[in-house]
Amino acid sequence: MYTGEPWLPTPTATYQNGPHAGETVSGTRLSGGVRRLLASAPLGGGEPGLRFRFDLFTGDTVDLTVTGVKQGVGTHTLSGSVVSSVGDSLTASFTGTTLTVKANETPITLTAVSAEKIYDGEALTADGVTVTGLPSGFTCAAAVSGSQTDAGESTNTVASYAILDAEEKDVTAFFTGITTAPGKLTVKPAPLTVTTGSASKVYDGTALTALATVSGLVSADEGKVTVTATGAQTAVGSASNAYTIDWGTAKTGNYALSETIGTLTVKANDTPITLTAVSAEKVYDGEALTADGVTATGLPAGFTCAATASGSQTDAGESANTVASYVILDAEETDVTAFFTGITTAAGKLTVKPAPLTVTTGSASKVYDGTALTAPATVSGLVSADEGKVTVTATGTLTVTRAPLTSAGVTVSGLTKLDAGKVTVAATGAITGFGAANNTCSIDWGGVNPGNYTVTQTLGTLKITATNMPITVTSADAEGVYTPFGLSNSGYTVEGLPEGFTLTAEVTGSLSVPGTAHNTIASYSITDGGGADVTEYFTGVPASLFMMMTSTLIHYVAGRERSPAKILTAVNAEICSRNPEEMFITVWLGVLELSTGILTAANAGHEYPALRRPDGRFELFKDRHGFVIGGMEGVRYREYTLPLSPGTKLFVYTDGVPEATDAREEMFGTDRMLDALRTHEQEAPEAILAGVSGAVSAFVGAAPQFDDLTMLCLAWNGGEPSG
Numbered sequence: 002m003y004t005g006e007p008w009l010p011t012p013t014a015t016y017q018n019g020p021h022a023g024e025t026v027s028g029t030r031l032s033g034g035v036r037r038l039l040a041s042a043p044l045g046g047g048e049p050g051l052r053f054r055f056d057l058f059t060g061d062t063v064d065l066t067v068t069g070v071k072q073g074v075g076t077h078t079l080s081g082s083v084v085s086s087v088g089d090s091l092t093a094s095f096t097g098t099t100l101t102v103k104a105n106e107t108p109i110t111l112t113a114v115s116a117e118k119i120y121d122g123e124a125l126t127a128d129g130v131t132v133t134g135l136p137s138g139f140t141c142a143a144a145v146s147g148s149q150t151d152a153g154e155s156t157n158t159v160a161s162y163a164i165l166d167a168e169e170k171d172v173t174a175f176f177t178g179i180t181t182a183p184g185k186l187t188v189k190p191a192p193l194t195v196t197t198g199s200a201s202k203v204y205d206g207t208a209l210t211a212l213a214t215v216s217g218l219v220s221a222d223e224g225k226v227t228v229t230a231t232g233a234q235t236a237v238g239s240a241s242n243a244y245t246i247d248w249g250t251a252k253t254g255n256y257a258l259s260e261t262i263g264t265l266t267v268k269a270n271d272t273p274i275t276l277t278a279v280s281a282e283k284v285y286d287g288e289a290l291t292a293d294g295v296t297a298t299g300l301p302a303g304f305t306c307a308a309t310a311s312g313s314q315t316d317a318g319e320s321a322n323t324v325a326s327y328v329i330l331d332a333e334e335t336d337v338t339a340f341f342t343g344i345t346t347a348a349g350k351l352t353v354k355p356a357p358l359t360v361t362t363g364s365a366s367k368v369y370d371g372t373a374l375t376a377p378a379t380v381s382g383l384v385s386a387d388e389g390k391v392t393v394t395a396t397g398t399l400t401v402t403r404a405p406l407t408s409a410g411v412t413v414s415g416l417t418k419l420d421a422g423k424v425t426v427a428a429t430g431a432i433t434g435f436g437a438a439n440n441t442c443s444i445d446w447g448g449v450n451p452g453n454y455t456v457t458q459t460l461g462t463l464k465i466t467a468t469n470m471p472i473t474v475t476s477a478d479a480e481g482v483y484t485p486f487g488l489s490n491s492g493y494t495v496e497g498l499p500e501g502f503t504l505t506a507e508v509t510g511s512l513s514v515p516g517t518a519h520n521t522i523a524s525y526s527i528t529d530g531g532g533a534d535v536t537e538y539f540t541g542v543p544a545s546l547f548m549m550m551t552s553t554l555i556h557y558v559a560g561r562e563r564s565p566a567k568i569l570t571a572v573n574a575e576i577c578s579r580n581p582e583e584m585f586i587t588v589w590l591g592v593l594e595l596s597t598g599i600l601t602a603a604n605a606g607h608e609y610p611a612l613r614r615p616d617g618r619f620e621l622f623k624d625r626h627g628f629v630i631g632g633m634e635g636v637r638y639r640e641y642t643l644p645l646s647p648g649t650k651l652f653v654y655t656d657g658v659p660e661a662t663d664a665r666e667e668m669f670g671t672d673r674m675l676d677a678l679r680t681h682e683q684e685a686p687e688a689i690l691a692g693v694s695g696a697v698s699a700f701v702g703a704a705p706q707f708d709d710l711t712m713l714c715l716a717w718n719g720g721e722p723s724g
């Protein structure tokens with residue numbers, strides 16, 4: 002039977018003759034012979050055979066080599082040859098024979114290995130084979146087929162095999178007792194744990210939740226399975242924190258699910274909450290004081306308190322305002338009062354104070370104009386029950402020489418309705434001449450109890466000041482042919498004097514030689530309708546005369562000098578030489594060359610002019626300022642030149658424009674002036690002047706003005722002026 006080893010029965014040698022004829026001797030296999038042969042390779046063919054030695058009875062030896070031995074199954078013919086012999090008269094020969102090797106029928110079982118694991122998303126395979134019954138010296142090379150990924154079982158079968166001898170030659174065909182058996186591949190579900198959180202809190206009106214977690218997912222299923230905690234507890238109490246699981250594309254059977262369910266517990270809120278009935282106070286008005294509000298402190302956000310308070314106070318004094326009832330409501334306006342255990346209430350206070358009564362005598366102030374100054378009398382603070390019961394009379398008087406001024410009014414405030422119309426207040430202040438005095442008063446309570454009121458007197462002031470309204474006195478011009486008697490003209494005109502007053506002036510100008518001279522106003526006086534001298538009450542006349550004198554000088558010097566700087570220098574020198582009142586005046590003087598558009602100008606402390614280039618907007622042109630005219634002797638003024646392009650517009654003005662004041666004593670300002678200029682900048686100069694004047698008038702409204710508004714606007718159109 003095939004065993005994989007060269008097999009040969011022990012050979013024997015038989016004596017053919019001699020004394021030992023017929024006797025046999027067994028051979029002994031010599032070392033160095035072939036130990037293992039391939040099953041298909043016969044001995045011979047240059048390969049050494051199996052060598053045996055025979056020790057004869059005579060002491061001789063014979064070495065024999067046998068060839069033709071094969072490992073494989075089948076019948077093999079053997080041949081041999083005597084390699085050597087030692088002995089006298091010894092002849093040896095080999096008689097051939099056959100050798101039969103049968104297939105090995107020994108039962109051999111090839112079993113595919115079994116394997117198991119916990120599900121991990123990867124395929125389970127096992128490539129091994131266990132062999133039982135295989136003779137020693139042989140190995141089995143086998144392959145198996147089987148795979149299991151999801152939880153479950155499947156067979157692991159022997160797909161192919163080969164029996165190899167020691168030389169790794171395939172001798173599978175020589176074994177006929179081979180059978181195969183499958184193994185088992187087992188994937189067990191992986192443990193998966195879902196845990197929902199536990200949580201607790203005091204009641205706050207919001208749902209208490211806790212997250213859910215999942216552990217045990219294999220990497221292949223990460224991101225596929227979603228676990229969501231669905232438990233929620235809002236009211237006081239406890240509930241399980243349930244959950245839902247969305248397996249996605251993962252397979253449920255691959256996991257052995259276990260869960261740990263948390264508990265959500267909401268406890269009663271014992272936070273200190275104080276409900277305090279509101280306090281209220283008022284000044285006595287004859288009506289009951291109540292306050293139905295309640296303030297809550299410590300109440301968590303999202304809750305409101307619906308409460309009522311009980312309390313009433315009519316007379317002056319104090320009483321408690323208590324919390325009558327309350328309900329705590331959540332955002333859905335559900336009554337959750339029972340969930341709050343730390344609620345306490347506190348009373349408020351209702352306080353009625355005596356009513357303040359204010360008696361006010363009016364204040365009044367004006368510049369002298371020869372008419373009576375009055376102001377109404379008022380009372381404030383009477384409650385409705387007292388309206389019509391109190392009488393207030395202003396008795397203050399203010400008299401200036403022969404122009405008497407009536408008193409300012411008296412006001413009373415703070416009387417209750419019950420006392421209104423009962424109280425009489427009279428102002429008693431008086432003043433004579435310039436100055437100020439309190440407008441005093443007297444009160445007739447008319448049956449009203451003074452103890453019901455706290456009286457405050459606000460005494461007004463009666464004040465008369467001089468007027469600085471501009472009044473212009475202009476001496477008349479005169480012109481004639483030389484005579485020995487000289488030239489004079491005592492005439493004059495007056496502008497700006499209020500009605501009811503008379504101005505008398507003395508004109509002393511005289512010219513006895515050919516030439517030009519000023520027709521000077523030497524003095525003047527103003528009388529009122531009663532003939533009283535009120536000159537001191539009009540302070541605007543000296544300024545008007547000063548301005549007129551300056552204007553006359555400018556025109557006079559300009560008749561012989563074209564340089565603005567030199568004109569202003571000469572005028573300043575003349576003014577300073579006869580200016581005992583130390584008055585001054587600002588001047589902007591410009592000379593425009595009509596043919597070229599070259600403007601030469603000088604500025605003696607005057608407002609910046611506004612200039613608009615053809616491609617721009619009105620902006621202030623900040624030229625160099627000199628000192629004011631009449632302010633200091635020896636001043637030399639500087640001039641500058643400004644080339645005008647066709648379409649350029651120039652706007653100059655007195656400070657009465659930006660300093661025009663409204664009733665709130667806010668000035669018009671240069672910003673508003675520029676806005677008005679820009680609004681009308683595309684229009685003709687006349688329309689621009691009208692637009693600025695209108696803007697000033699709209700701004701000041703009915704507020705009195707104490708300065709003149711003088712404006713000039715021109716447009717140079719390229720050789721021919723406009724404006």
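According to my numbering, the sequence shown is numbered sequentially starting from 2.
Glycine is no exception: its CB is placed at the ideal position from the N, C-alpha and C atoms.
**Message:** Check this for me: beta carbons of ALA348 and ALA325, under 7 Å apart or not?
**Reply:** No; because the gap between Cβ atoms is not below 7 Å, this pair is not in contact.
Which residue wins for smallest C-alpha separation from GLU496, given the options ALA240, THR131 and ASP709?
It is ASP709.
Review point. For the 8 Å Cβ check, are there 3 or more pairs between the stretch 598 to 609 and the stretch 630 to 638?
Key: These segments touch.
Worksheet item: What's the C-alpha gap between GLU288 and THR315?
Response: Each residue's Cα considered, the two are about 6 Å apart.
Worksheet item: What span of residues does the alpha helix (DSSP H) with LEU675 cover, start to end?
Response: From DSSP, the alpha helix (DSSP H) with LEU675 extends over 670 to 680.
GLU594, DSSP secondary structure in three states
Reduced to three states, the DSSP call for GLU594 is strand.
### Message
Residues in the same chain with beta-carbon distance under 6 Å from ALA243, minus the five sequence neighbours each way, listed in chain order, please.
### Response
If we look at ALA243 and ignore the five residues flanking it on each side, its Cβ neighbours are THR231 and GLY232.
* To do: Could you please give the first and the last residue of the uninterrupted beta strand (DSSP E) stretch that includes THR455?
  => From DSSP, the beta strand (DSSP E) with THR455 extends over 454 to 459.
Self-check item: PRO686 burial status per 10 Å Cβ neighbour count (16 or more: buried)
Solution: Looking at its Cβ environment, which holds 16 or more other Cβ atoms inside 10 Å, PRO686 is buried.
Point to revise | Span of the alpha helix (DSSP H), counted from its first residue to its last, around PRO192 | key: DSSP places PRO192 in no alpha helix (DSSP H) but in the uninterrupted beta strand (DSSP E) bounded by 191 to 197.
Item to complete: Identify the continuous alpha helix (DSSP H) that holds ALA376 and give its terminal residues.
Response: That residue, ALA376, is in no alpha helix (DSSP H); it is neither H nor E in DSSP.
Subject >> Straight-line Cα distance separating ILE262 from THR133 >> reply: Roughly 53 Å separates the two Cα atoms.
Item to complete: Can you tell me which of the three DSSP states ALA40 falls into?
Response: With a pLDDT of only 32 at ALA40, under the threshold of 50, the placement of this residue in the model should not be trusted; the figure read from the coordinates follows. Per DSSP, reduced to three states, the secondary structure at ALA40 is coil, with no helix or strand assignment.
*Buried or exposed: VAL658, going by 16 or more other Cβ atoms within 10 Å of its Cβ?*
VAL658 is buried by the Cβ-count criterion.
Output needed for ILE586: all residues of its chain with C-beta closer than 7 Å, excluding positions within five of it in sequence on either side, in chain order.
Here ILE586 has PHE547, MET548, THR551, VAL629, ILE630 and GLY631 as same chain residues with Cβ atoms under 7 Å from its own Cβ, once five neighbours each way along the sequence are excluded.
Can you find the residues in the same chain that come closer than 6 Å, C-beta to C-beta, to SER725, ignoring five residues on each side of it along the sequence?
Look at the range of the chain in this structure, 2 to 724, and you will see that residue 725 is not part of it.
- request: Would you mind sorting GLU106 into buried or exposed? The rule is 16 or more other CB atoms within 10 Å of its CB.
  value: GLU106 comes out exposed.
key: Collapsed DSSP secondary structure at ALA574 in the structure displayed   = It is helical.
Q. In terms of residue numbering, what span does the beta strand (DSSP E) encompassing PHE700 cover?
A. Careful: PHE700 lies outside any beta strand (DSSP E), inside the alpha helix (DSSP H) at 686 to 701.
query: Would you call the CB atoms of ALA317 and VAL295 closer than 7 Å?
result: Not in contact: ALA317 and VAL295 (Cβ atoms no closer than 7 Å).
*asked:* By the three-class DSSP mapping on this structure, what secondary structure does TYR641 have?
replied: Residue state for TYR641 is assigned as strand, using DSSP reduced to three classes.
Problem set entry | Beta-carbon proximity check, GLY352 vs GLU388, cutoff 7 Å | Here residue 352 is Thr; the residue named in the question, Gly, does not match the sequence. Contact flag unset, no.
ask   = Near ALA506, which residues of its chain fall below 6 Å by C-beta distance, leaving aside the five closest residues on each side in sequence?
value = The beta carbon of ALA506 is closer than 6 Å to those of VAL474, TYR493, ILE522 and TYR525 in its chain, skipping five residues each way along the sequence.
Check: Taking Cβ positions, are VAL1 and ALA104 nearer each other than 7 Å?
Finding: The structure shown does not extend to residue 1, since the chain spans only 2 to 724, so no value can be given for it.
Which same chain residues, not among the five before or five after ILE568, have their C-beta less than 7 Å away from its C-beta? Here the set comprises ILE555, VAL558, ALA559, GLU562 and LEU590.
>> For a minimum of 4 consecutive residues, which ranges assigned as the alpha helix (DSSP H) are wholly contained in the stretch 161 to 221?
In response: Segments of the alpha helix (DSSP H) lying fully in the stretch 161 to 221: there are none.
Task: Cβ-Cβ separation, GLY692 to LEU645 (assumed contact under 8 Å), whole Å - done: By a beta-carbon distance limit of 8 Å, LEU645 does not contact GLY692. Their separation comes to about 21 Å.
| request: Helix, strand or coil for LEU715, going by three-state DSSP, please let me know. | output: DSSP, read as helix, strand or coil, puts LEU715 in strand.
Would you identify the three-state DSSP class for LYS567, choosing helix, strand or coil?
Helix at LYS567.
Check: Touching or not, the stretch 116 to 133 and the stretch 142 to 151, by the rule of three or more beta carbon pairs under 8 Å?
Finding: Verdict: yes, contact present.
**Prompt:** Which of the three DSSP states, helix, strand or coil, is assigned to THR275?
**Reply:** Per DSSP, reduced to three states, the secondary structure at THR275 is strand.
Nonlocal neighbours in the same chain, by C-beta distance under 7 Å from PHE700, ignoring five residues either side: So the list reads ALA661, ASP663, PHE669 and ARG673, once near-sequence residues are dropped.
Measuring alpha carbon to alpha carbon, tell me which residue in CYS141, GLY28, ILE527 and LEU621 is nearest ALA174.
Comparing Cα-Cα distances from ALA174 to each of CYS141, GLY28, ILE527 and LEU621, the minimum goes to CYS141.
LEU406 classed as buried or exposed, judged by whether at least 16 other C-beta atoms fall within 10 angstroms: The pLDDT assigned to LEU406 is 37, lower than 50, so where the model puts this residue is not dependable; a value taken from the coordinates is nonetheless given after this. Per the 10 Å Cβ criterion, buried.
Legend entry - CB-CB length for THR158 against ALA113, believed under 8 Å: With a Cβ gap of about 6 Å, THR158 and ALA113 count as contacting.
Item to check | Closest by C-alpha distance to VAL360, when choosing among THR457, VAL195, VAL384 and LEU600 | outcome: Comparing alpha carbon positions, the residue from THR457, VAL195, VAL384 and LEU600 closest to VAL360 is THR457.
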